[in-house]
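Top line first, the protein sequences correspond to chains V and D.
Just so we're aligned, residue 1485 is where the first sequence starts under this note's numbering, counting upward by one.
Just so we're aligned, residue 7 is where the second sequence starts under this note's numbering, counting upward by one.
Heads up, the thing below is written out as structure tokens.
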Amino acid sequence: MTPERFEQLAEAYGSDLRLWPKTEQAEAEQLRQERPVWARQCLDGAADLDDLLGLYRVEAPSTALRERIMAMAPRPQRSLLSKLLGEWRGWGMGLAAAGLAGLMVGIGSVSLMMADQSTDVTVASALDGQSVYSEAVAFGAEETL
Amino acid sequence: MTKRPPDPDTDLVLRVGRGDPAAVQALMARKLPRMLALARRMLGDASEAEDVAQEVMLRAWRQAPTWQPGTARFDSWMHRVALNLCYDRLRRQRERPMAEPPDQIDPGPAPDAGLMGLEIKDQVEAAIAKLPERQREAIVLCHYQELGNIEAAALMEISVEALESLLSRGRRTLRLLLNPLNDRRLEGLA
């Protein structure tokens, strides 16, 4: 590598040889070792600007930004088997829910029927009581009279 | 022909494509600060930079399930998306004054007032904002994003020689703008 090329690269890419073209880094390093004083002077000028550029730091992404992005991130994909199992589970849950609903309706109907019967008995008893009461009142009235 | 080095993001991107939550977190941690920094330095506006970074990440989520390893590096693809979004916004910024003239005079410093009176960090930021777009882009890609010259040139769709010319001119301009600052900084260190 010629000294002119070394200077050109320092002018373009700065003082950090790692940021120089990969294909020229080895030769540049060799020249730096061969002419250390000159190379140092050459790189120092570029390093001053690099130091200033390094002061321009960008803030870390805000929590709000990260949350917005995460809200739209891909969700885990389900395999075919788990999808089928999921569907079967869905059907099973549906059937179980339907069965449970049927059972509840059945229990409700039986309770209602039994309640109707007991109401009939109660009403009948009440009616019987009423007749007994009427008879008693009539009997009492007769006594009083 | 030299063999292309393997893409360090391939495994992560494939896992993101399958919806692996840990991979999603890891890719965001790895790429979001990078995309935000690129957009911030290209646009000089924190809010617009957030919008660009968010859009790049959302496109990455959409791209991951169909990503074909070996075609391009995922990081390069993200840079390409981010740069295109930045170009769109820079174009709109250029067109805006023609369509909507400002109602009042900008209270900021006059263009000839230079960079004095700002903090050193702000002065560096202002100096980079003053660079012509292509010079700024070259410096952002090579210096801040630390992309190789071939990759940066490919992203900018120019030759490596043209990239070097843009870098040299950009750094010369920055040195002129920031030299007084550097003197002050060195005095402070002494």
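By construction, the Cβ of each residue, glycine as well, lies at the ideal position given by its N, Cα and C atoms.
Under the three-state reduction of DSSP, which class applies to residue i: helix, strand or coil?
{"i": "A1580 (chain V)", "result": "helix"}
{"i": "W67 (chain D)", "result": "helix"}
{"i": "V1589 (chain V)", "result": "helix"}
{"i": "S82 (chain D)", "result": "helix"}
{"i": "E125 (chain D)", "result": "coil"}
{"i": "P113 (chain D)", "result": "Model confidence at P113 (chain D) stands at a pLDDT of 49, short of 50, so the residue's coordinates are unreliable and nothing is read from them."}
{"i": "T1507 (chain V)", "result": "helix"}
{"i": "T77 (chain D)", "result": "coil"}
{"i": "E1551 (chain V)", "result": "helix"}
{"i": "G154 (chain D)", "result": "coil"}
{"i": "I134 (chain D)", "result": "helix"}
{"i": "D1534 (chain V)", "result": "helix"}
{"i": "D118 (chain D)", "result": "Low confidence applies to D118 (chain D): its pLDDT is 43, below 50, so where it sits in the model is not reliable enough to give any reading."}
{"i": "D1500 (chain V)", "result": "coil"}
{"i": "D15 (chain D)", "result": "coil"}
{"i": "R24 (chain D)", "result": "coil"}
{"i": "R1519 (chain V)", "result": "coil"}
{"i": "M34 (chain D)", "result": "helix"}
{"i": "D94 (chain D)", "result": "helix"}
{"i": "V1542 (chain V)", "result": "coil"}
{"i": "D51 (chain D)", "result": "coil"}
{"i": "E163 (chain D)", "result": "coil"}
{"i": "E142 (chain D)", "result": "At residue 142 (chain D) the sequence reads Arg, which differs from the Glu that was named. Correct three-state label for R142 (chain D): helix."}
{"i": "R181 (chain D)", "result": "helix"}
{"i": "A1557 (chain V)", "result": "coil"}
{"i": "M1485 (chain V)", "result": "coil"}
Taking 9 Å as the CB-CB cut-off, is residue i touching chain D?
{"i": "D1534 (chain V)", "result": "yes"}
{"i": "Q1525 (chain V)", "result": "no"}
{"i": "L1515 (chain V)", "result": "no"}
{"i": "L1537 (chain V)", "result": "yes"}
{"i": "M1485 (chain V)", "result": "no"}
{"i": "I1553 (chain V)", "result": "yes"}
{"i": "M1588 (chain V)", "result": "no"}
{"i": "P1520 (chain V)", "result": "no"}
{"i": "A1530 (chain V)", "result": "yes"}
{"i": "A1581 (chain V)", "result": "no"}
{"i": "A1557 (chain V)", "result": "yes"}
Flag residue i as yes if its beta-carbon sits less than 9 Å from any beta-carbon of chain V, otherwise no.
{"i": "V166 (chain D)", "result": "yes"}
{"i": "L180 (chain D)", "result": "yes"}
{"i": "R36 (chain D)", "result": "no"}
{"i": "E2 (chain D)", "result": "The question about residue 2 (chain D) has no answer, for chain D in this structure spans 7 to 196."}
{"i": "A43 (chain D)", "result": "yes"}
{"i": "L206 (chain D)", "result": "The shown model of chain D, from 7 to 196, leaves out residue 206 (chain D), and the question about it has no answer."}
{"i": "Q74 (chain D)", "result": "no"}
{"i": "P186 (chain D)", "result": "no"}
{"i": "R46 (chain D)", "result": "yes"}
{"i": "D127 (chain D)", "result": "For clarity, residue 127 (chain D) is Lys in the given sequence; the question names Asp instead. Answer yes: the Cβ-Cβ gap between K127 (chain D) and chain V drops below 9 Å somewhere."}
{"i": "P12 (chain D)", "result": "no"}
{"i": "A70 (chain D)", "result": "yes"}
{"i": "D118 (chain D)", "result": "Note that D118 (chain D) has pLDDT 43, beneath the 50 cutoff, so the model's placement of it is unreliable and no number is given."}
{"i": "P138 (chain D)", "result": "no"}
{"i": "R177 (chain D)", "result": "yes"}
{"i": "E163 (chain D)", "result": "no"}
{"i": "I111 (chain D)", "result": "The predicted model places I111 (chain D) with a pLDDT of 48, which falls under 50 and marks its position as unreliable; any figure quoted below should be read in that light. Not an interface residue."}
Original post:
At a Cβ cut of 9 Å, what residues of the stretch 53-64 of chain D count as close to chain V, listed as they run along the chain?
Top reply: A55, E56, A59, Q60, M63 and L64
Original post:
Between the stretch 81-104 of chain D and chain V, which residues of the former have a C-beta closer than 9 Å to a C-beta of the latter?
Top reply: none
**OP:** Evaluate contact between the stretch 1511-1529 of chain V and the stretch 159-174 of chain D, counting only Cβ atoms and requiring at least three cross-stretch pairs below 8 Å.
**Re:** no
**OP:** Please list the residues of the stretch 1493-1511 of chain V that have a C-beta atom closer than 7 Å to any C-beta atom in chain D, keeping them in chain order.
**Re:** E1495, A1496, Y1497, G1498, L1503, P1505 and K1506
**OP:** Flag this pair as touching only if the stretch 1491-1509 of chain V and the stretch 149-161 of chain D have three or more C-beta atom pairs under 8 Å; answer yes or no.
**Re:** yes
Original post:
With a cut-off of 8 Å, do at least 3 Cβ pairs link the stretch 48-56 of chain D to the stretch 95-102 of chain D?
Top reply: yes
Subject >> Validate contact between the stretch 1531-1549 of chain V and the stretch 167-186 of chain D using beta carbons, cut 8 Å, 3 pairs >> reply: yes
**OP:** Name, going along the chain, the residues of the stretch 1539-1551 of chain V whose beta-carbon falls closer than 8 Å to a beta-carbon of chain D.
**Re:** L1539, Y1540, R1541, V1542, E1543, A1544, P1545, S1546, L1549 and R1550
Subject >> Stretch-stretch touch, CB-based, cutoff 8 Å, three pairs: the stretch 136-155 of chain D with the stretch 61-73 of chain D >> reply: no
Subject >> Stretch-stretch touch, CB-based, cutoff 8 Å, three pairs: the stretch 123-139 of chain D with the stretch 33-40 of chain D >> reply: no
Subject >> Members of the stretch 18-29 of chain D that neighbour chain V once the beta carbon cut-off is set at 8 Å >> reply: V22, G23, R24, G25, D26 and P27
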